[in-house]
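All remarks here apply to the structure that follows.
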Amino acid sequence: MSTHPGKQATLHRLEKLDKKYIWHPFTQMQEWEKEPQLIIESGKGCTLTDVHGKRYIDGVSSLWVTVHGHRKKEINAAITKQLGKVGHTTLLGLSNVPAILLAEKLVNIAPKGLSKVFYSDSGSTSVEIALKIAFQYWQQKGPQFQKKTGFLSLTEAYHGDTIGSVSVGGIELFHATYKPLLFPAYKIESPHCYRCKYGLSYPECQKTCLVHAERTIQKYASVTAALIIEPLVQGAAGMLMQPPGYLKKIRELCTKNNVLLIADEVATGFGRTGKMFACEHEQVAPDILCIAKGITGGYLPLAATLTTDEIYRGFLGDYREFKTFFHGHTYTGNPLACASAIASIDLFRSEKILSKLQPKIAYLAKGLKQLRALEHVGEVRQKGFMAGIELVNNRLTKEPYPVNAKIGSRVTLECRKQGLIIRPLGNVIVFMPPLSISLKELQRSLQFLHASISEITKNR
Ligand SMILES: Cc1ncc(COP(=O)(O)O)c(C=O)c1O
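According to my numbering, the sequence shown is numbered sequentially starting from 1481.
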């Protein structure tokens, strides 16, 4: 692509400034500083365009957030309209119109029984809030529940990067360093069938993992406030899929043992798995629901923690009783973000997003099947529009690629050359396009993935 020399100098300067000033997340900056980097200038639909004018399919929904594509007319208009009224006002001691209207919409689409909305601004904060609400709920419920201070979570879990959410996380690479800062959480083995911790295979195993989960829940119930889970898919761990019925059984075990269930739908919410929320696949209603990412259609930082009336009522009392939930973030319920979320949720209905998604999910499944044939593809995992392709050094033994092979990053760079932006999770290639992607764009993305994986793994 030829670029005008004047523009070339500006672009050069941009890259220099980036390297001079920005510390990028989850990035080894020593490498970043040495390598040329991709700088995005604009987006439209499922296409992102870099500063040189090269176009890419957004194969990772700008980190799992974009739902209806970029610069969606209705969302742009909703934000612009709200800008004409007010950009931000606080929810501390005041309310605002979009926050109120959105809360009603969220309660209407959420699993049954969730009736109160507590806003924040990221997936991590929505989890932090869920943990604190669960903890405080039991503390205020009565002296016989005061020992219920702990949390149960899954190994390989990812719930965000703040200290509370890291405490209930389980990804060694991300979380081990911070152990001295964390509160301990009781662990249930991740029900990851490809690398089953019990050496069994599904379905002959008869979900032995659930027998172990039950024992752990029973053992710690009296000292546990809540169990937190990513329903159906442990995303950041590499798109690990739970066997059917797993979530439903976990719900039953929590109810039976008087442990609150927190569903972290930050990644799975807003259509990602083919239904509005992943919990719906197993007719599960959690006691607390965490949502973020796709909530605004992928435009602005917004999150929400939904609870039942029963939990909410546990915080009511005379102000001198100090049952108040003493928590709040400055941009809580930001009107621009809420306006964007209202427009996005309305689009789900007006554009029949979920029913239109079903044939695309089937198309994706077919395409992914072809990737399975590649020699170094160990497993392909898919739930709706969440897909992970695990690359292995040896398919028979499932031996992973060594870290220094940087296989995921290399496939990512190859995909970029072709015109597809993705971001790997270690040796797992993640494909998570906007729900609005066309069949043609899906087809091209799958071709790029196939070609890139073949190219990078051919001599290894
Ligand atoms: C399941 C889950 N929970 C929480 C988070 C954290 O969200 P955020 O990055 O917005 O803090 C993520 C992010 O990927 C996630 O996948």
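Glycine included, each C-beta is placed from N, C-alpha and C at the ideal position.
{"Asked": "What whole-angstrom Cβ distance do Thr1704 and Val1739 have, given they're in contact under 8 Å?", "Found": "5 Å"}
{"Asked": "Give a yes or no on contact between the stretch 1565-1585 and the stretch 1546-1556, applying the rule of three or more CB pairs nearer than 8 Å.", "Found": "no"}
{"Asked": "Determine the direct distance from the alpha carbon of Leu1543 to that of His1930, and round the result to whole angstroms.", "Found": "21 Å"}
{"Asked": "With distances taken between CB atoms, is the gap from Gly1813 to Ala1665 smaller than 7 Å?", "Found": "no"}
{"Asked": "Helix, strand or coil for Ala1705, going by three-state DSSP, please let me know.", "Found": "strand"}
{"Asked": "State the beta-bridge partners of Gly1718 as determined by DSSP.", "Found": "Per DSSP, none; premise fails for Gly1718."}
{"Asked": "Could you pull out every residue in the same chain whose Cβ sits closer than 7 Å to the Cβ of Tyr1843, ignoring the five residues on either side in sequence?", "Found": "Leu1919, Leu1922"}
{"Asked": "Might you give, ordered along the chain, the residues of its own chain that have their beta carbon closer than 7 Å to the beta carbon of Asp1641, omitting 5 neighbours on each side?", "Found": "Ser1604"}
{"Asked": "Provide the residue(s) that pair with Ser1600 in DSSP beta bridges, ordered along the chain.", "Found": "Ala1783"}
{"Asked": "In this structure, what does DSSP give as the bridge partners for Val1891?", "Found": "Val1891 is not bridged to any residue."}
{"Asked": "Going by DSSP, which residues form a beta bridge with Met1866?", "Found": "Lys1863"}
{"Asked": "Curious, which full-length alpha helix (DSSP H) runs of at least 4 residues does the stretch 1598-1647 contain?", "Found": "1603-1621, 1643-1647"}
{"Asked": "Please state the DSSP three-state secondary structure of Gly1774.", "Found": "helix"}
{"Asked": "Under three-state DSSP, which class holds Val1857?", "Found": "strand"}
{"Asked": "Rounded to the nearest angstrom, what separates Gly1868 and Lys1565 at their Cα positions?", "Found": "42 Å"}
{"Asked": "Measuring CA to CA, which of Ser1670, Glu1870, Asn1884, Ile1933 is closest to Gln1898?", "Found": "Ile1933"}
{"Asked": "Starting from Leu1528, trace the beta strand (DSSP E) in both directions and tell me its first and last residue.", "Found": "1527-1530"}
{"Asked": "Cβ-heavy atom distance between Ser1943 and ligand 1 below 6 Å?", "Found": "No answer is possible for residue 1943: it lies beyond the span of the chain, which begins at 1481 and ends at 1940."}
{"Asked": "Any heavy atom of ligand 1 closer than 6 Å to the CB of His1639?", "Found": "yes"}
{"Asked": "Quick check: the stretch 1819-1836 against the stretch 1885-1903, are at least 3 beta-carbon pairs closer than 8 Å?", "Found": "no"}
{"Asked": "Quick check on this structure: which residue in Phe1806, Arg1875, Tyr1799, Ala1693 has the alpha carbon closest to the alpha carbon of Glu1855?", "Found": "Arg1875"}
{"Asked": "For Tyr1799, count neighbouring Cβ atoms within 10 angstroms of its own Cβ and tell me buried if that reaches 16, exposed if not.", "Found": "exposed"}
{"Asked": "Can you give me the Cβ contacts of Glu1669 inside the same chain, cut-off strictly under 7 Å, excluding the 5 residues immediately before and after it?", "Found": "Thr1635, Lys1677, Cys1689, His1692"}
{"Asked": "Ligand 1 heavy atoms versus the CB of Gly1797: any closer than 6 Å?", "Found": "no"}
{"Asked": "Please report the straight-line C-alpha distance between Gly1888 and Phe1828, rounded to a whole angstrom.", "Found": "33 Å"}
{"Asked": "Please name the residue or residues paired with Val1908 in a DSSP beta bridge.", "Found": "Glu1870, Leu1905"}
{"Asked": "Say yes only if the C-beta of Glu1946 is nearer than 6 Å to one or more non-hydrogen atoms of ligand 1, and no if none qualify.", "Found": "The structure shown does not extend to residue 1946, since the chain spans only 1481 to 1940, so no value can be given for it."}
{"Asked": "Tell me the residue span of the beta strand (DSSP E) that contains Gly1523.", "Found": "1520-1524"}
{"Asked": "Use the C-beta contact count for Phe1928: other C-beta atoms within 10 angstroms, 16 or more gives buried, fewer gives exposed.", "Found": "buried"}
{"Asked": "Can you confirm whether the stretch 1770-1786 touches the stretch 1806-1824 when touching is taken to mean that 3 or more C-beta pairs between the two stretches lie within less than 8 Å?", "Found": "yes"}
{"Asked": "So the candidates are Gly1794, Gly1533, Leu1661; which of them puts its Cα closest to the Cα of Gly1622?", "Found": "Gly1794"}
{"Asked": "What are the boundary residues of the beta strand (DSSP E) that includes Tyr1726?", "Found": "Note, Tyr1726: premise wrong, no beta strand (DSSP E); alpha helix (DSSP H) at 1726-1736."}
{"Asked": "Tell me whether the beta-carbon of Ser1645 lies closer than 7 Å to the beta-carbon of Glu1694.", "Found": "no"}
{"Asked": "Using the rule of at least 16 other Cβ atoms within 10 Å of the residue's Cβ for burial, across every protein chain shown, is Ile1502 buried or exposed?", "Found": "exposed"}
{"Asked": "Less than 6 Å separating the Cβ of Gly1715 from some heavy atom of ligand 1?", "Found": "yes"}
{"Asked": "Kindly indicate the opening and closing residues of the alpha helix (DSSP H) around Arg1752.", "Found": "Element bounds for Arg1752: n/a, residue is neither H nor E."}
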